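Residue numbers (my numbering), protein chains in the order written: chain A, -12 to 184; chain B, -12 to 184.
First comes the structure, then the notes that go with it.
2 protein chains.
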Amino acid sequence: MKSTPESTADRILDLAQNLIQTRGYSWFSYQDISTALGIRKASIHYHFASKAALGIAVLDRYVAHFGGELRKIAADPKHTARKMLEFYFEPYLHFARTPDQVCLCGALAGEMLALPPEMREGVDRFFRAHQKWLADILKRGAARGEFTLAAPPAKTARLFFGALQGALLVKRTTGDPAEMRDVVEAIRAQLDAKARG
Amino acid sequence: MKSTPESTADRILDLAQNLIQTRGYSWFSYQDISTALGIRKASIHYHFASKAALGIAVLDRYVAHFGGELRKIAADPKHTARKMLEFYFEPYLHFARTPDQVCLCGALAGEMLALPPEMREGVDRFFRAHQKWLADILKRGAARGEFTLAAPPAKTARLFFGALQGALLVKRTTGDPAEMRDVVEAIRAQLDAKARG
DNA sequence: GTCTATACAAAGATAGAC
DNA sequence: GTCTATCTTTGTATAGAC
């Protein structure tokens, strides 16, 4: 696919993203990147004037990428709401299979007070966008009779989104790969539970 | 109640805990405590030889405190399972009313790789204990006909625990105090949903 | 674009006086 | 128990040569 050799700037971005997802923003340094890429710290400053600039660039790319994915999934008329949800689960299940990696914004949320303002806003937008997307899908699925919702779509979306992000946090600690699988299965079960009242 | 004047060591512990819950372990320094308490950095080292020792002391106290609370709640035969759950929600709702505070272990989980081994183990034990406690309560409530579970107790416990921890993470970012309230309401609704299949 | 060299601040920690 | 003074390391960042 992408056979274009990556520029140094891109390699820095990739590495920085990975480091943030595994260690956190405040816990990676130019030195880490310098070592991994075999160039000097000063050279990184040539591409990204400050750590804040680098962080913002990583976050913007991530937010744009997932924003596009969500739009694509929701726009495809072939998909059932359930299928869309399954697409949504995928990155979470992927992260859950790695020992330390979490969602970039989940990692950043844990250190909000240490982030430059632009990054805080980016994380905030990401969270709101995902909760809204989930709420829309749940509403759609309920309207089609695919799902049974025990609570209004917006609240259920918050429950599920929190659970997915929370599961990443927990699995990083306990190291149990079943954590995320169980959460996803529990979500499916909640939605399949038929007829209440 | 507790009119005993706090020792310096206790005041350091209290302050350190609060700082970890609002900023994170790697983001508080002896200098912060020094300034707040009006003593020098070196004096803190007299009470806690290292930052790791201080962190471990804070965590042990926290884990012991909540461990005791959970045991007390679960042991009281007067309580319904639903009432026990409501007790469990309380600290989360409390944290959610503050702008930046989260569960101590939730904060620490976000920076596992930066923690001394003893702290990692403490967080791990905390998470496992809470998930097990929740699973027990859910099982008990289901057996008594108080709850309807769409998934097995252990998986449902992971869903709910993740959602509560995740909601703290999200509310710290979005600043929306309704985040936790919505999640708690959604959990209640899931459990109240009657008769499936 | 990458390098060497360096500035500057903040952190955790220790020694020893009081 | 608390202080002053100091050490050591690490981090971000800049200047200027190549």
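We put the CB at the ideal spot given by N, CA and C, even for glycine.
For clarity, every value in this text was computed on a predicted model and none was experimentally measured.
Proximity below 9 Å, CB of B:A101 to CB of B:S16: For the purposes of this step, residue 101 of chain B is taken as the residue at position 114 of the second sequence. For the purposes of this step, residue 16 of chain B is taken as the residue at position 29 of the second sequence. No, Cβ-Cβ distance for B:A101 and B:S16 is not below 9 Å.
is_contact[A:R107, chain B] using C-beta, thresh 9 Å: Position 120 of the first sequence, counted from the first residue, corresponds to residue 107 of chain A. With a threshold of 9 Å between beta carbons, A:R107 makes contact with chain B.
Nearest to B:A165 (by Cα), restricted to the options B:R84, B:C90, B:L24 and B:A96: As a working note, residue 165 of chain B is residue 178 in the second sequence. Closest option to B:A165, Cα to Cα, is B:R84.
Short CB-CB distance (under 9 Å) between B:V110 and chain A: Numbered from 1 along the second sequence, position 123 holds the residue referred to as residue 110 of chain B. Closer than 9 Å: yes.
Residue of A:L136, A:P140 and A:E133 minimising C-alpha distance to A:D123: Walking along the first sequence from the start, residue 123 of chain A turns up at place 136. Taking only the C-alpha atoms, the option nearest A:D123 is A:P140.
Within chain A, partners of B:R(-2) - CB distance below 9 Å: The sequence position of residue -2 of chain B within the second sequence is 11, counting from 1. Here the premise fails: no neighbours, minimum Cβ distance about 22 Å.
From A:E98, A:T161 and A:F74, residue whose alpha carbon lies closest to that of B:L6: To locate residue 6 of chain B, count along the second sequence from 1; it is residue 19. Of the residues A:E98, A:T161 and A:F74, the one whose Cα lies closest to the Cα of B:L6 is A:E98.
Interface positions of the stretch 77 to 97 of chain B facing chain A (Cβ-Cβ less than 9 Å), listed along the chain: D87, V89, C92, G93, A94, L95, A96 and G97
Contact set for A:G184: own chain, Cβ-Cβ below 8 Å, skip 5 residues either direction: By one-based count along the first sequence, residue 184 of chain A stands at place 197. Unreliable positioning characterises A:G184 in this predicted model, as indicated by a pLDDT of 39, which lies under 50. The coordinate reading is nonetheless provided below. Excluding positions up to five away in sequence, the list is empty.
Own chain, CB closer than 8 Å to A:F(-7), minus 5 neighbours either side, in chain order: Residue numbering aside, residue -7 of chain A sits at position 6 when the first sequence is read from its first letter. Checking the displayed sequence, the identity of residue -7 of chain A turns out to be Glu instead of Phe. Cβ within range, chain order: D1.
is_contact[A:E133, chain B] using C-beta, thresh 9 Å: In the first sequence, counting from the first residue as 1, residue 133 of chain A sits at position 146. No, its Cβ sits nowhere closer than 9 Å to a Cβ of chain B.
Cβ separation of B:D111 and A:T161, assumed to be a contact under 8 Å, to the nearest whole Å: Position 124 of the second sequence, counting from 1, holds the residue named residue 111 of chain B. Position 174 of the first sequence, counting from 1, holds the residue named residue 161 of chain A. Contact flag correct, Cβ pair sits at about 6 Å.
Residues, ordered as in the chain, of the stretch 136 to 158 of chain A that lie near chain B by beta-carbon distance below 8 Å: A137, A138, A141, K142, T143, R145, L146, F147, F148, G149, A150, L151, Q152, G153, A154, L156 and V157
Chain-ordered neighbours of A:T160 on chain B, where CB pairs are closer than 7 Å: Translated into positions along the first sequence, residue 160 of chain A becomes position 173. What A:T160 touches in chain B: A96, M99, V110, D111 and F114.
A:H81 burial status per 10 Å Cβ neighbour count (16 or more: buried): Your numbering for residue 81 of chain A matches position 94 in the first sequence. Counting Cβ neighbours within 10 Å, A:H81 comes out exposed, since fewer than 16 surround it.
Continuous alpha helix (DSSP H) assignments of at least 4 residues falling wholly in the stretch 25 to 54 of chain B: 28 to 34
Residues near A:A23 by beta carbon distance below 8 Å, same chain, minus five either side: Here residue 23 of chain A corresponds to residue number 36 of the first sequence, with the count starting at 1. L2.
Local Cβ density within 10 Å of A:H117, reported as buried at 16 or more and exposed below that: As a working note, residue 117 of chain A is residue 130 in the first sequence. Buried, because 16 or more other Cβ atoms sit within 10 Å of the Cβ of A:H117.
With 16 other Cβ atoms within 10 Å as the buried cut-off, status of A:A51: Locating residue 51 of chain A in the first sequence gives position 64, counting from the first residue. With fewer than 16 neighbouring CB atoms inside 10 Å of its own CB, A:A51 falls in the exposed class.
Continuous alpha helix (DSSP H) assignments of at least 4 residues falling wholly in the stretch 53 to 124 of chain B: 68 to 84 and 91 to 96
B:K158 to B:S21 span [Cα, whole Å]: Reading the second sequence from its first residue, position 171 is the one you call residue 158 of chain B. Reading the second sequence from its first residue, position 34 is the one you call residue 21 of chain B. Cα to Cα, the separation comes out at about 29 Å.
Touching by the beta-carbon criterion (3+ pairs, under 8 Å), the stretch 34 to 51 of chain A and the stretch 140 to 153 of chain A: No, the stretch 34 to 51 of chain A does not touch the stretch 140 to 153 of chain A.
Minimum Cβ-Cβ distance from A:R183 to chain B less than 9 Å: Walking along the first sequence from the start, residue 183 of chain A turns up at place 196. Here the model assigns A:R183 a pLDDT of 44, short of 50, so the residue's position is not dependable, and the following value carries that caveat. Interface criterion met: the Cβ of A:R183 is under 9 Å from a Cβ in chain B.
Same chain only: Cβ atoms within 7 Å of B:G54, ignoring 5 sequence neighbours per side: As a first step, residue 54 of chain B must be located in the second sequence, where it is residue number 67. So the qualifying residues of the chain are A116.
B:R(-2) in three-state terms, based on DSSP: Counting from 1 along the second sequence, the entry for residue -2 of chain B is found at position 11. For B:R(-2), the three-state secondary structure derived from DSSP is helix.
9 Å Cβ cutoff, A:W14 in contact with chain B: By 1-based counting over the first sequence, the position of residue 14 of chain A is 27. So, interface residue.
Under 9 Å between C-beta atoms of B:K142 and A:A180: Your numbering for residue 142 of chain B matches position 155 in the second sequence. Your numbering for residue 180 of chain A matches position 193 in the first sequence. For B:K142 and A:A180, no; Cβs fall outside 9 Å.
C-beta neighbour in chain B for A:E172, strict 9 Å: If you number the first sequence from 1, residue 172 of chain A lands on position 185. So yes, A:E172 belongs to the interface.
Minimum Cβ-Cβ distance from A:R127 to chain B less than 9 Å: Here the question's residue 127 of chain A lines up with position 140 in the first sequence. Chain B, which has no Cβ nearer than 9 Å to the Cβ of A:R127, makes this no.
B:T(-5) and B:S30 closer than 9 Å at C-beta: Position 8 of the second sequence holds residue -5 of chain B. Position 43 of the second sequence holds residue 30 of chain B. Against a cut-off of 9 Å, the Cβ pair of B:S30 and B:T(-5) comes out as a contact.
Neighbour list for B:G42 in chain A, Cβ cutoff strictly below 8 Å: Locating residue 42 of chain B in the second sequence gives position 55, counting from the first residue. What B:G42 touches in chain A: nothing, since even the nearest Cβ is about 15 Å away.
Contact with chain B by A:E(-7), beta-carbon distance below 9 Å: Residue -7 of chain A sits at position 6 when you count from the first residue of the first sequence. It does not; no Cβ of chain B falls within 9 Å.
Contacts around B:I174, its chain only, beta-carbon distance under 6 Å, and the 5 residues preceding and following it disregarded: Taking the second sequence and counting its residues from 1, the one referred to as residue 174 of chain B is at position 187. Excluding positions up to five away in sequence, the list reads F147.
Helix, strand or coil at A:R183 [DSSP, three-state]: Residue numbering aside, residue 183 of chain A sits at position 196 when the first sequence is read from its first letter. Any reading at A:R183 needs caution, since the residue's pLDDT is 44, under 50, leaving its predicted position unreliable; the model's value is listed next. A:R183: coil per DSSP, three-state reduction.
Heavy atom of the ligand GDP within 8 Å of A:Y75 beta-carbon: Although the ligand GDP was asked about, the structure shown includes no ligands whatsoever.
Nearest-angstrom Cβ-Cβ length linking A:P103 and A:G42, presumed shorter than 8 Å: Residue numbering aside, residue 103 of chain A sits at position 116 when the first sequence is read from its first letter. Residue numbering aside, residue 42 of chain A sits at position 55 when the first sequence is read from its first letter. Indeed, because the Cβ distance is near 7 Å, the residues count as touching under 8 Å.
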